[in-house]
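In terms of the numbering used here, the sequence shown has 577 at position 15, counting the first letter as 1, and numbering is strictly consecutive. Presented below is the structure to which this report refers.
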Amino acid sequence: CRRYFNVGRSGAILHPARSHQSSPRPQMTTKVGKGVVQVPPANDTAPAKETVAVRVGAKTRFILSTSGRTSSLERYRILLQEILGLDIAYIPISDPAGAKAPIDPQKFCWALRGLNCIGGAISRSIKTKVVQFLDEVSPEGKKLGVNTVVRKGDKLIGYNTDVIGFIKAIKEGVAESGVKSSPGSKAIVYGYGGVTNVVVHALRDELGYEVFLTGRSSEKAKVRAEELGVYSIDLVSDKKMGTNKPGEKLKFELFVNAAPVTDKDLSKAPGILEALGMGVKIAFDHEMPGLKLREYCQEKGIHHISGLKMYYPQMYKQWSYFLEGIVSEQKIPDLIKLAESRLTSSKSSL
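Printed below as a string of structure tokens:
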């Protein structure tokens, strides 16, 4: 049967039709910021301010995303429809319950199969849950979850490009810092959320760091550390400086922030200043822009690695999967930079 699909931050993700014989093509609607985008036929324009007008026709192919920031939607519209002249639309989706409700991973895959899709970008909590509904998954995806799904024929194939971006960011950041890192150097990770498994895998298995986990809750950090097979360290309870690796005075070469805490006063994030004060020479911040951590690093002489250093390499790799056979991977960075340049120019002319 034909599947009916509303896209948007408060639209339904997927509704199978009761009849496919006389049903009209569904209207696609997405909320972006304060505006509402009605994805129109070719050459139509968005009806309101704060919207992104995307051309959609009978043969349009789609890339579905679980997030819908206006800047990203406009960047990819410019890339796909202006620069490359492709009949492809990048569109955000959400659960019927609203933008903050978790997306059903099975329905996400139904949408990829039921629509004329190239693939999907995943930036929410279904990265691991979606794996069971895919036909093929890369080795990294099986272990860490996927943030990129590509449709090839009837198959959905999952990849993880986050780990690629993170490894590149750390390697380049360490090289730029001038710190002479050696195998077995220690890294402390602040946070235990969705990106932590990627961070731990990259640091321990790919880069050779000895990894310790901490965070605002020592108990949650301990549980997560045990799940991932690394050490934990308590920097917040009455037993401060306690660790499950006894008999050693700990100093860390690398600090990695994996929690949304660095755009506010760092003293409000329990344990983070204690972690940074344990000999840290290099700090990576997954949070963007993370202004407070950047300022702290400048003050203390710690080499700061912005989350953008991870964001762009993972994005370039993701788009090389989406545009495989259309654009060579080597051209992707320059094309995205061109799209961003045009987006900046259009904003400045308003």
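Glycine included, each C-beta is placed from N, C-alpha and C at the ideal position. It should be emphasised that the depicted structure is a prediction, and the values quoted were computed from it without experimental measurement.
Taking a cut-off of 8 Å on C-beta distances, the region 719 to 738 touches the region 749 to 760, as three or more cross pairs fall below it. When the Cα atoms are used, residue 694 and residue 843 turn out to be separated by approximately 40 Å. The region 829 to 846 makes contact with the region 743 to 752; the number of CB pairs closer than 8 Å reaches 3 or more.
For residue 657, the secondary structure class from DSSP, reduced to helix, strand or coil, is strand. In this structure, the alpha-carbon of residue 661 lies about 9 Å from that of residue 628.
The beta-carbon separation of residue 636 and residue 614, rounded to 5 Å, stays under the 8 Å limit for a contact. For residue 632, the uninterrupted alpha helix (DSSP H) run begins and ends at 632 to 639, by DSSP. The C-alpha of residue 848 is placed about 17 Å away from the C-alpha of residue 774. The region 707 to 722 makes no contact with the region 734 to 745; the number of CB pairs closer than 8 Å stays below 3.
Contact annotation: residue 852 and residue 825 have beta-carbon atoms nearer than 8 Å. Scanning its chain for C-beta atoms nearer than 8 Å, with the 5 sequence neighbours on each side dropped, one finds around residue 877 the residues 723, 727 and 898, in chain order. Pairing residue 714 with residue 672, the inter-Cα distance amounts to about 14 Å. The residue among 836, 711, 819 and 707 with its C-alpha nearest the C-alpha of residue 797 is 836. In this structure, the alpha-carbon of residue 664 lies about 17 Å from that of residue 674. For residue 737, there are no CB contacts under 7 Å within the same chain when 5 residues up- and downstream are skipped. In terms of CA proximity to residue 645, 902 leads the group 839, 655 and 902. Ranked by how close their Cα comes to the Cα of residue 821, the residues 859, 784, 777 and 631 have 777 in first place. With a beta-carbon spacing of about 6 Å, residue 692 and residue 708 fall inside the 8 Å limit used to define contacts. Taking 8 Å as the cut-off, the Cβ atoms of residue 681 and residue 670 do not count as close. When 792, 783, 784 and 785 are compared, the shortest CA-CA separation from residue 770 is found for 792. Note on geometry: alpha-carbon atoms of residue 676 and residue 685 lie some 21 Å from one another. Inside the region 676 to 746, DSSP marks whole beta strand (DSSP E) runs of 3 or more residues at positions 679 to 683, 710 to 714 and 717 to 721, from first to last along the chain. Residue environment: residue 906 is assigned as exposed (fewer than 16 neighbouring CB atoms within 10 Å of its CB, all protein chains considered). In the DSSP assignment, residue 845 falls within the beta strand (DSSP E) that extends over 844 to 847. Ranked by Cα distance from residue 823, the first of 816, 817 and 831 is 831.
Setting aside the 5 residues that flank it on each side, residue 892 has no residue in the same chain whose C-beta is closer than 6 Å to its C-beta.
With a 10 Å radius around the Cβ and a threshold of 16 neighbouring Cβ atoms, residue 839 comes out exposed.
Counting along the chain, residue 752 sits inside the beta strand (DSSP E) bounded by residues 748 to 752.
By the criterion of a C-beta distance shorter than 8 Å, residue 679 is surrounded in its chain by 623, 624, 625, 626, 673 and 713, once the five residues flanking it on both sides are discounted. In the three-state reduction of the DSSP assignment, residue 884 falls in the helix class, which pools H, G and I. Taking all protein chains shown into account, residue 634 has 16 or more neighbouring C-beta atoms within 10 Å of its C-beta and is therefore buried. Taking residue 689 as the centre and dropping the five residues before and after it, the same chain places the C-beta of 707, 708, 709 and 756 closer than 7 Å to its C-beta, in chain order. Of the other Cβ atoms in all chains shown, fewer than 16 fall within 10 Å of the Cβ of residue 788; this residue is therefore exposed. Residue 794 sits close to residue 784, with the two beta carbons spaced by under 8 Å.
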